[in-house]
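See below for the structure under consideration.
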Amino acid sequence: MPGPAGPICLDCVRAGLRVVGDGEERTNEAGERLDAVSDLQAPVCEFCGRRERRTFLGFRRPLVRLRCAPRDAVICVDCLDSAGDALNLALRQ
4 MPGPAGPICL
14 DCVRAGLRVV
24 GDGEERTNEA
34 GERLDAVSDL
44 QAPVCEFCGR
54 RERRTFLGFR
64 RPLVRLRCAP
74 RDAVICVDCL
84 DSAGDALNLA
94 LRQ
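Have a look at this one:
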């Protein structure tokens with residue numbers, strides 16, 4: 004899956020979805036630490052540029068993001084989910 008700073012592999016998408024799902028730190032196949040951040044001071048998602056989600060009524064909530072510290076890469080749960088959907092669709096064909 005192409006990303007703004009390089010490709011995101013299937014294994015990183017899978018690990019990332021688990022990290023943002025339960026909040027537990029994990030490592031990818033390369034041994035790099037993946038952790039979930041929801042702090043508004045943390046970097047924005049590299050794909051969509053968001054760090055918060057706005058509800059229908061206009062309320063703001065922090066958007067959970069996955070951070071790979073060694074690569075200084077950040078992707079939000081929404082973009083990570085979309086990447087997983089795209090990879091699943093590609094793998095079915």
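Mapping of the sequence shown onto the numbering used here: residues 4 to 96, in sequence order.
Just so it is clear, CB atoms sit at the ideal spot from N, CA and C, and this is done for glycine as well.
For clarity, every value in this text was computed on a predicted model and none was experimentally measured.
G19 sits buried, since 16 or more C-beta atoms from the chains shown fall within 10 Å of its C-beta. The distance from the Cβ of D38 to that of R17 is about 16 Å, inconsistent with a contact at the 8 Å cut-off.
Judged by DSSP in its simplified three-state form, L92 adopts helix.
Segment contact: the segment 41-59 against the segment 76-83, three or more CB-CB distances shorter than 8 Å; contact assigned.
Rounded to whole angstroms, the separation of the alpha carbons of P46 and R74 is 13 Å. For A18, the enclosing alpha helix (DSSP H) starts and ends at L13 to D25.
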